[in-house]
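Colleague: Residue numbers (my numbering): 865 to 939.
The structure is reproduced here in structure tokens:
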């Protein structure tokens, strides 16, 4: 039941993204290059903003794994 709901949302979202990505690639005007730069900048900003708060949690989790395996933790 949950899988059906997820697929009902995922399939149209994927089709939407694929269609608009293809349309963006097909465009030959000068604005397309600038749009790529803006998209890359937004993605980079999102990665930085969302990854930074989780750095300590990720490092802590990986250190637990390393300790369990008998390795040296990273400080």
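The beta-carbon is built from N, C-alpha and C at its ideal position, and this holds for glycine as well.
What three-state label does DSSP hand residue 905 in the structure shown?
Modeller: Correct three-state label for residue 905: helix.
Colleague: Keeping to the same chain, check which residues put their C-beta closer than 6 angstroms to that of residue 872; ignore five residues upstream and five downstream.
Modeller: Cβ within range, chain order: n/a, list empty.
Colleague: For residue 937 versus residue 930, is the C-beta spacing smaller than 7 angstroms?
Modeller: Cβ atoms of residue 937 and residue 930: closer than 7 angstroms.
Colleague: Going by beta carbon distance, what residues of the same chain come within less than 8 angstroms of residue 927, once the five residues before and after it are set aside?
Modeller: Cβ within range, chain order: 937 and 938.
Colleague: Restricting to Cα atoms, I'd like to know which of 900, 880 and 920 is closest to residue 889.
Modeller: Answer by Cα proximity: 900.
Colleague: Counting along the chain, where does the alpha helix (DSSP H) carrying residue 867 start and finish?
Modeller: Note, residue 867: alpha helix (DSSP H), 866 to 890.
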